[in-house]
Ligand code: EPZ
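In the working numbering, the protein residues as written are 32 to 449.
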């Protein structure tokens, strides 16, 4: 295992290339199972979760070839086997193979994903979507057993609450379900829109992606496709906060401010300047930081995946900030770790009251999940002295070369064995 040693206090200056979105790449890799013809995905991020997903595909007999940031997946020889628990237990997103397997092969046996640090993360909405499309669903010894021997048929899926993953399961399955499907109360995130664009490149007929109502004309076999993965709005938001927390100035190449509107608003209210150009997003902070309140919500609201990072920023703001987490029930594991750096945070149910302090002080801290780990790196960039962040395997799951990118902008970070 490795850890990061960070000596804080350096204002970041420079350019950061934003990668393709991990959370867009994962469902699109699963979508390769929908067709016997090749799917080429470009702008693929080089992160552990993507490697895990590709490894799972090869387990199903999908061949993959990688050429720099482009991956071609071919599922002509795919076979419908059981996903090994050893791979599935590592990543909840492996559940995204369920819809494509049932749609393509008429059956699937996929391990229930364990819970995870940030919450129980049930799968009922995924299963409901497949049942509406005609699959029978049983649970057998920790496995989901889905069957549709006569194939899937179009139907009207109405989600009680928006779910990105369940919307993606429904979308992928509906492309091969005979007839028209409708997905009501669909998630509107850019990663859902990007999956729809990828499926359309494969020949799917989809309308309304990005709105609450998506319609799919399904049943035709999908053909070869090529798609460029959308830039990662969460990575971009993370680096915007890195500029803000160090009082620096970063140019985020490839970042799209329209995918970060709620975050941009919050950062500007806190005293950060953002200005988009046609190729990048400039972020700078040279004045005081103001404490402001935020509530995490489904898109286009403030994303839960940037809550921990924004909290790190608020720990050194003037005044107080109330941060309410409405998406996951346990996404405050970073709070005690921030406390070890001298942050003043009081938890009240699903809200955290952050009282800004003059400065944080470096200390050893431990990462618990992907976004909590990057929150601690951000706090370390601002803290006096040395901060040691351990268990950074969490970080490598979703951020490509984060420490190298920050060092290139003037951060003092070393990756050392634990
Ligand atoms: C996606 O997870 C992301 N993962 C998560 O990113 C992100 O935090 C989350 O969306 C919310 O934005 C990927 O895209 C691979 P949901 P997902 O289904 O799809 C409940 C990261 O850090 N729910 O939108 O699993 C669920 O418990 C990861 O990159 C059900 O009740 O999220 C949660 O409270 C962490 N039943 C809410 O919906 C279901 O069947 C939103 O979850 C499914 C979800």
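Quick reminder that beta carbons are idealized off the backbone N, C-alpha and C, glycines included.
For residue i, the nearest candidate out of the options (CA to CA)
i, options, result
"residue 373", "360, 393, 364", "393"
"residue 380", "388, 419, 360", "360"
"residue 76", "185, 60, 66", "60"
"residue 413", "430, 62, 342", "342"
"residue 352", "190, 112, 383", "383"
"residue 338", "438, 176, 400", "400"
"residue 259", "449, 364, 70, 214", "70"
"residue 436", "170, 283, 154", "283"
"residue 404", "416, 390, 422", "422"
"residue 444", "424, 408, 430, 425", "408"
"residue 440", "391, 398, 313, 280", "280"
"residue 136", "144, 177, 120, 153", "177"
"residue 216", "358, 347, 192, 185", "192"
"residue 427", "419, 402, 410, 411", "402"
"residue 108", "118, 95, 116, 117", "95"
Pair within 8 Å by beta-carbon distance, residue i and residue j
i, j, result
"residue 87", "residue 274", "no"
"residue 285", "residue 49", "yes"
"residue 218", "residue 329", "yes"
"residue 208", "residue 250", "yes"
"residue 114", "residue 82", "no"
"residue 85", "residue 106", "no"
"residue 346", "residue 385", "yes"
"residue 350", "residue 390", "no"
"residue 263", "residue 442", "no"
Nonlocal neighbours in the same chain, by C-beta distance under 7 Å from residue i, ignoring five residues either side
i, result
"residue 302", "316, 318, 319, 320, 321"
"residue 127", "57, 58, 61, 196, 199, 200"
"residue 370", "376"
"residue 366", "376, 378, 383"
"residue 449", "32, 33, 34, 421"
"residue 231", "237"
"residue 348", "301, 320, 321, 322, 387"
"residue 189", "215, 216"
"residue 266", "49, 50, 430"
Residue i: CB within 7 Å of a non-hydrogen atom of the ligand EPZ
i, result
"residue 157", "yes"
"residue 111", "no"
"residue 331", "no"
"residue 269", "no"
"residue 218", "yes"
"residue 293", "no"
"residue 14", "Outside the displayed span of the chain (32 to 449) sits residue 14, for which this structure offers no information."
"residue 361", "no"
"residue 195", "yes"
"residue 358", "yes"
"residue 153", "yes"
"residue 114", "no"
"residue 150", "yes"
"residue 402", "yes"
Own chain residues within Cβ distance below 8 Å of residue i, not counting five before or after
i, result
"residue 13", "With the chain represented from 32 up to 449, any question about residue 13 goes unanswered, as that position is not in the structure."
"residue 147", "123, 400"
"residue 288", "295, 305, 307, 312"
"residue 358", "327, 328, 329, 335"
"residue 432", "77"
Beta-carbon separation (whole angstroms), residue i vs residue j, contact threshold 8 Å
i, j, result
"residue 233", "residue 129", "Going by Cβ atoms, the distance from residue 233 to residue 129 rounds to 18 Å, so no, they are not a contact pair."
"residue 158", "residue 212", "The Cβ separation is near 16 Å, so there is no contact."
"residue 327", "residue 356", "5 Å"
"residue 202", "residue 175", "Not really, about 18 Å apart at Cβ, beyond 8 Å."
"residue 225", "residue 261", "4 Å"
Interface flag, residue i vs chain D, CB-CB below 8 Å
i, result
"residue 370", "This model lacks chain D altogether, as it is built from one protein chain only."
Residue i beta carbon near the ligand ZN (any heavy atom closer than 7 Å)
i, result
"residue 336", "No copy of the ligand ZN occurs in the structure displayed; its ligands are the ligand EPZ alone."
Beta-carbon proximity list for residue i, same chain, < 6 Å, skipping 5 on both sides
i, result
"residue 269", "340, 405"
"residue 248", "211, 236"
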